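Enquirer: Here it is, the structure, as structure tokens.
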Amino acid sequence: MSHTSIEGVNRQQLIQQLQDVLPADAILSQPEDLRPYECDALSAYRQMPLIVVLPDTTEQVQSILRLCHKINLPIVARGAGTGLSGGALPNENGLLLSLAKLNSIIAINSELRTARVQPGVRNLAISQAVAQFDLFYAPDPSSQIACTIGGNVAENSGGVHCLKYGLTVHNIQQIKIISIAGDLITIGSTGLDCPGYDLLALMTGSEGMLGVIVEVTVKLLPKPECAQTLLAAFDDISKAGTAVADIISAGIIPAGLEMMDKLAVQAVEDFVHAGYPVDAAAILLCELDGSEIEVATHTDAVRELLNNSGATEVRTAKDAQQGLTFWKGRKAAFPAVGRISPDYYCMDGTIPRKNLARVLQTMAEMSQQNGLAIANVFHAGDGNLHPLILYDANIPGELKRAEEFGAQILELCIAVGGTITGEHGVGMEKLNQMCVQFETIELAQFHAIKAAFDPKALLNPGKAVPSLHRCAEFGAMHVHQGKLTHPELERF
Amino acid sequence: MSVIDNDISQQLQAKVLQAISTGNSLTIKAGGSKDFYGRKVSADSVLSLAQHQGIISYEPTELVIKARAGTPLKDIQQALAENRQMLAFEPPVYNEKTTLGGTLAGNFSGPRRPYTGAARDYVLGTTIINGKAELLSFGGEVMKNVAGYDVSRLMTGALGTLGVIMDASIKVVPMPEAEITLVQSITITEALAKLHQWSGLPLPISASCFYQNRLYIRLSGIEKAINNAGQLIGGEQLNNAHEFWRSICNQTHPFFQSQHALWRFSLASNTPALSLTGDMLYEWGGALRWLKSDLSSQEIRCNDLLLNGHTTLYCSNAQRDAVFQALPAPLLALHRRLKQAFDPHGIFNIGRMYAEF
């Protein structure tokens, strides 16, 4: 392995070149040191990197990128590695750039309600640091204890509260990036807009393909005066879907509106004993926040709407503690499902809410056909589904079947007017489904954007946007309603 | 309500194709209500979106409206109001012809912007024609979508230099149950201090404006809640509040009626009061400041406090050259390459944003 050469660069020579710009302990090259970096949270995809680098200054990141640019070396940026789509999967011929050591909160401005942080700062650490000013950072992906802000920007992370407070793209003001050529570029502004193109939006969710984020200025919000959580049980999941639409129609935007189906509820109840009604076909959790008057008014309105839409039971948390208990189950849903199945595969499609009942019905049929159970956990308010496909990796062929089932679910999401990923990103995982969601000319436009930032295609190569050849191959296997998805391309 | 439903995508695509083959440049125009904005474009011909109209879909329970670029904003606002919904970014409606497409192309957002977000925050998806005459769709009609780069938001605010916005899906929000506006007489320094104090509290503020030593605060939400907040904020209730905010948003207020050049400063909201010769009006909690002045561009842009953000020569009868603040070299290079990626033949709105592209 030590003799691997890339474009004429010997691995040992490369280590020496890196030693010129980095301290010795910032370079990992032994197999046992590289192993922890071989995958992110989508562990079905694994690849050892050539070398791992752990810079602790922005200048070091610049030097590393300049070197990569000079010798045409691929580089993959990584935060905490909690991503669920293989976006931080290493490149076998490239560097894995860990930004974990860039983990300082540089400044908190309580007057402007912003925090300037390095990319390796954990999501939750921001809210903890600003709690003293009664402020918080709104996006709260379920991995918020561990995931870092750099990764959040790269993936445009959401969370349970984004129905009301928006995604990462709505909650950041400025970023600093290092281009592949090593230039430090500030994007965004200290004001509410900036001259030129909205590169802040373009960078957000770009999955490490366009530049390396070395600083993020996040917007902070005043903590709401109070919050209230309601839990409703339904004997029919489509009634729960109707209840969601009714709440929105009434002009109420809850802070969170989550749904779980029967299998998810049962798994969670066995695990955390939140007191969930285990015989319900589905439960809804609705969190309302704001001033005391607002919360009281909306709580009454939502309770009535839930009862009218056929809920078999509606509980209102007696106090904050009970509210937390209601949420505890939702937050533990993934590990709870992990207890009832040797493995699970978490999907991330988004659909227009009105199609919820139809999609659930079709997924149930697919589940039977594929012989694999699914537990459903949704951000119901914004139509973001997280079906968990249960399988056993030790049974030959089951992982493959789970992946095929997952692909069918994503294509179902597209068919009903939705998207293949709401918040987890495309990464390595959903490249084929990108061929279904987009036309060749749209993918070509994405590639042109990529080339504008990274003409040598060194940043996270092979992720997020499939090559047109890949789509042609995939399309050949995959004929939709008798039509090839990319008829203009050669088949081979 | 009778709204025109007219899809002329194919004709527009043909015109772009023709421009490519003849080597002609195009200026994109719909209602023309924002012709005053940006640098002057001297294109060979006009690509008119004015007839490309109509609400393609609107489902109130999905909180999404999808409409063609040439649809007048007033039609969209009316359709939403019938369902007690609205555009959260409160875009200016300069006249009856103001369209959705122009609003998005300039990322135009009104008084509600600092409290609920800008136009770009509510764009969920777009269809565009790029400089190769290709009709492309990005994003969609769902709230969360991270498949592919966020081209929809990139198009928002690009002033038509990257491509033609054909239609867009916009997230909408419920109208507040009630609104009140409070006015107090106060100095600018006191006003900025109060605005920052309030912005750190969970108050239902939905607009703020300071002009001629009067601070106007609008509160939106549940009646009881805004009344409570009003007691904390203080001041007299303004009677014709709706008209007042409309005049600020649509720039029909006497402040905006002038022969002087109008400058727009987008700054960190806690930037101290600026001492520049001219009349000044503040919005967005101090983050947006308008200056009517005959000072030269150089005299204005050398003010140190303006380093806290950026300046735009919003409207002027005379100079229309350096309208937008110059970009640092690496950023400008990136802009050029993006322009090339979308409009390789250099057809669309050349020079509207910057002379270079």
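Heads up: the protein sequence lines correspond to chains E and U, in order.
Residue numbers for the first sequence, in this note's numbering: 161 to 652.
Residue numbers for the second sequence, in this note's numbering: 8 to 364.
Even for Gly, the Cβ is constructed at its ideal location relative to N, Cα and C.
It should be emphasised that the depicted structure is a prediction, and the values quoted were computed from it without experimental measurement.
Roughly how many angstroms lie between the CA atoms of U:G38 and U:L161, to the nearest whole one?
Expert: If you number the second sequence from 1, residue 38 of chain U lands on position 31. If you number the second sequence from 1, residue 161 of chain U lands on position 154. C-alpha separation (whole angstroms): 22 Å.
Enquirer: Distance, Cα to Cα, U:L80 vs U:R120?
Expert: Against the second sequence, residue 80 of chain U aligns to sequence position 73. Against the second sequence, residue 120 of chain U aligns to sequence position 113. Roughly 17 Å between the two C-alpha positions.
Enquirer: Could you give the C-beta distance for E:P512 and U:V149, rounded to a whole number, given that I count them as a contact under 8 Å?
Expert: Taking the first residue of the first sequence as position 1, residue 512 of chain E is located at position 352. Taking the first residue of the second sequence as position 1, residue 149 of chain U is located at position 142. Yes, E:P512 and U:V149 are in contact; Cβ-Cβ is about 6 Å, under 8 Å.
Enquirer: Tell me, please, whether the CB atom of E:K514 is closer than 8 Å to any CB atom in chain U?
Expert: Start at 1 with the first residue of the first sequence, and residue 514 of chain E comes out as number 354. It does: the Cβ of E:K514 has a partner Cβ on chain U nearer than 8 Å.
Enquirer: Reducing DSSP to helix, strand and coil, say where E:C446 ends up.
Expert: The residue you call residue 446 of chain E lines up with position 286 of the first sequence. In the structure shown, E:C446 sits in a strand (DSSP, three-state: E or B).
Enquirer: Could you name the residues of chain E that U:Y156 contacts, counting a contact when the two beta carbons are closer than 7 Å?
Expert: Residue numbering aside, residue 156 of chain U sits at position 149 when the second sequence is read from its first letter. Those within 7 Å of U:Y156 in chain E are L362, S366, F606, I609.
Enquirer: Could you tell me the boundaries of the alpha helix (DSSP H) in which E:D430 lies?
Expert: Mapped onto the first sequence, residue 430 of chain E falls at position 270. That run of the alpha helix (DSSP H) goes 422-432.
Enquirer: Could you work out which residues of chain E lie near U:F331, taking near to mean beta carbons separated by less than 9 Å?
Expert: Here residue 331 of chain U refers to the residue found at position 324 of the second sequence. The contacting residues are P355, G356.
Enquirer: Using the DSSP secondary-structure output, state which residues sit across from U:W297 in a beta bridge.
Expert: Position 290 of the second sequence, counted from the first residue, corresponds to residue 297 of chain U. U:W297 pairs with U:R271, U:L288.
Enquirer: Is it the case that the segment 427-434 of chain E contacts the segment 490-500 of chain E, given that we only count it when at least three CB pairs across the two stretches are under 8 Å?
Expert: Touching, yes, given that three or more Cβ pairs across the two stretches are closer than 8 Å.
Enquirer: Given U:N301, which residues of its chain have a CB within under 7 Å of its CB, disregarding the five upstream and five downstream residues?
Expert: Indexing the second sequence from 1 puts residue 301 of chain U at position 294. The residue asked about is misnamed: residue 301 of chain U is Asp in this sequence, not Asn. Around U:D301: H267, A268.
Enquirer: Between the Cα of E:I345 and the Cα atoms of E:S627, E:C307, E:A291, E:L359, which residue gives the shortest distance?
Expert: Taking the first sequence and counting its residues from 1, one reaches residue 345 of chain E at position 185. Here the closest residue by C-alpha is E:L359.
Enquirer: By a C-beta neighbour count over all protein chains shown, 10 Å radius and 16 as the cutoff for buried, is U:N387 buried or exposed?
Expert: An answer regarding residue 387 of chain U cannot be provided, because it is not within the stretch 8 to 364 covered by chain U.
Enquirer: I want to see whether chain E comes within less than 8 Å of U:A21, judged by CB atoms only; does it?
Expert: Here residue 21 of chain U is taken as the residue at index 14 of the second sequence, counted from 1. By this cut-off, U:A21 is not an interface position.
Enquirer: In this structure, what does DSSP give as the bridge partners for U:Y218?
Expert: Indexing the second sequence from 1 puts residue 218 of chain U at position 211. Answer is U:R221, bridged to U:Y218.
Enquirer: By DSSP's criteria, E:C506 is part of a beta bridge. Which residues make up the other side?
Expert: Along the first sequence, one-based indexing puts residue 506 of chain E at 346. E:L548, per the DSSP bridge assignment.
Enquirer: From the DSSP output, read off the bridge partner residues of U:L70.
Expert: Here residue 70 of chain U refers to the residue found at position 63 when the second sequence is read from its first residue. None; U:L70 has no bridge partner.
Enquirer: Could you check what DSSP says for E:P615 in three-state terms: helix, strand or coil?
Expert: Within the first sequence, numbered from 1, the residue matching residue 615 of chain E stands at position 455. Of the three classes helix, strand and coil, the one that applies to E:P615 here is coil, per DSSP.
Enquirer: DSSP has U:E243 in a bridge; who is on the other side?
Expert: Walking along the second sequence from the start, residue 243 of chain U turns up at place 236. Beta-bridge pairing links U:E243 to U:V190.
Enquirer: Report the three-state DSSP secondary structure of U:R374 (helix, strand or coil).
Expert: Lying outside 8 to 364, the shown extent of chain U, residue 374 of chain U is not represented and no answer is given.
Enquirer: Please look up how many angstroms separate the CB atoms of E:V213 and E:L255, rounded, as I've assumed it's under 8 Å.
Expert: Taking the first residue of the first sequence as position 1, residue 213 of chain E is located at position 53. Taking the first residue of the first sequence as position 1, residue 255 of chain E is located at position 95. Yes, E:V213 and E:L255 are in contact; Cβ-Cβ is about 6 Å, under 8 Å.
Enquirer: In this structure, how does DSSP classify E:K623 when only helix, strand and coil are distinguished?
Expert: Taking the first sequence and counting its residues from 1, the one referred to as residue 623 of chain E is at position 463. Three-state result, E:K623: coil.
Enquirer: Got a sec? Which residues, its chain only, sit under 7 Å from U:V130 by beta carbon, not counting five neighbours each side?
Expert: Position 123 of the second sequence, counted from the first residue, corresponds to residue 130 of chain U. Here the set comprises L111, S159, R160, T163, A175, I177.
Enquirer: Give me the Cβ distance between U:F145 and E:E602, rounded to the nearest whole Å; I'm assuming they're in contact under 8 Å.
Expert: Residue mapping note: residue 145 of chain U aligns to position 138 of the second sequence, counting from 1. Residue mapping note: residue 602 of chain E aligns to position 442 of the first sequence, counting from 1. The pair is a contact, with the Cβ atoms about 7 Å apart (cut-off 8 Å).
Enquirer: Is E:S615 buried or exposed, if buried means 16 or more other CB atoms sit within 10 Å of its CB?
Expert: Walking along the first sequence from the start, residue 615 of chain E turns up at place 455. Checking the sequence shown, residue 615 of chain E turns out to be Pro, not Ser. Under this definition E:P615 is an exposed residue.
Enquirer: Note down, in chain order, each residue of its chain lying with its Cβ closer than 8 Å to the Cβ of U:N277, except the 5 sequence neighbours on either side.
Expert: Locating residue 277 of chain U in the second sequence gives position 270, where the first residue counts as 1. Contacts found: L199, H203, G293.
Enquirer: Compare the C-beta of U:Q347 against all C-beta atoms of chain E and say whether one is closer than 8 Å.
Expert: Counted from its first residue, the second sequence places residue 347 of chain U at position 340. So yes, U:Q347 belongs to the interface.
Enquirer: Can you pull the chain E residues whose beta carbon is under 7 Å from the beta carbon of U:E141, in chain order?
Expert: Residue numbering aside, residue 141 of chain U sits at position 134 when the second sequence is read from its first letter. Simply I601.
Enquirer: Run down chain U in chain order and give the residues with a C-beta less than 9 Å from the C-beta of E:V625.
Expert: Against the first sequence, residue 625 of chain E aligns to sequence position 465. Going along chain U in sequence order, the residues near E:V625 (Cβ under 9 Å) are G155, Y156.
Enquirer: Does U:C309 pass the burial test, meaning 16 or more other C-beta atoms within 10 Å, or should it be called exposed?
Expert: Position 302 of the second sequence, counted from the start, is the residue given in the question as residue 309 of chain U. U:C309 should be labelled exposed.
Enquirer: Do you know how far the Cα of E:M420 is from the Cα of E:G541?
Expert: As a position in the first sequence, residue 541 of chain E is number 381, starting the count at 1. As a position in the first sequence, residue 420 of chain E is number 260, starting the count at 1. Approximately 12 Å, taken between the alpha carbons.
Enquirer: Who does U:A175 pair with in a DSSP beta bridge?
Expert: Start at 1 with the first residue of the second sequence, and residue 175 of chain U comes out as number 168. Looking at the DSSP assignment, U:A175 forms a beta bridge with U:A74, U:T133.
Enquirer: Whole angstroms are fine: how far does the CA of E:L417 sit from the CA of E:G318?
Expert: Taking the first residue of the first sequence as 1, we reach residue 318 of chain E at position 158. Taking the first residue of the first sequence as 1, we reach residue 417 of chain E at position 257. Approximately 13 Å, taken between the alpha carbons.
Enquirer: Give the secondary structure of U:N234 by DSSP, where H, G and I count as helix, E and B as strand, and everything else as coil.
Expert: Within the second sequence, numbered from 1, the residue matching residue 234 of chain U stands at position 227. U:N234 falls in the helix class under three-state DSSP.
Enquirer: With a threshold of 7 Å on Cβ separation, who are the neighbours of E:A204 within its own chain once the five nearest residues in sequence on each side are excluded?
Expert: Within the first sequence, numbered from 1, the residue matching residue 204 of chain E stands at position 44. Excluding sequence neighbours, E:A204 sits near L559.
Enquirer: Return yes when the Cβ of E:V462 is within less than 8 Å of the Cβ of E:A387, no when it is not.
Expert: Within the first sequence, the letter at position 227 stands for residue 387 of chain E. Within the first sequence, the letter at position 302 stands for residue 462 of chain E. In this structure, E:V462 does not lie closer than 8 Å to E:A387 by Cβ.
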